[in-house]
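One structure below.
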Amino acid sequence: AIALLRRSVVGVAADDNGALIVWIDKFGKYRCVAWRHMVEIDSRTFTSLAATREWVAEWLGNIK
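Going by the numbering used here, the residue at position 51 of the sequence shown is 49; the numbering climbs one at a time, nothing skipped.
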């Protein structure tokens, strides 16, 4: 997801236990959403790429 963000404004990762969507909004903030079984289970907004990476790393482990 982070590699995709470097090339565009949205990144998506999915596996059997859910999906992550990360995008950059028009204000330059990183918007992150985790879904499981079509239900949003976590959403965050970050101003730093480092914090976004930590969130993605945590949730990638939860959806695999």
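Note that beta-carbon positions come from the ideal geometry of N, C-alpha and C, so glycine has one too.
Just so you know, these numbers come straight off a predicted model, no measurement behind them.
- When the five nearest sequence neighbours on each side are left out, the beta carbons in the same chain lying within less than 6 Å of the beta carbon of I19 are those of V10, V31, in order along the chain.
- Note that the C-beta distance between R34 and G16 is below 8 Å.
- If you draw a 10 Å sphere on the C-beta of V54, you find 16 or more other C-beta atoms in it, and that means buried.
- Boundaries of the alpha helix (DSSP H) harbouring G59: 47 to 61, taken from the DSSP string.
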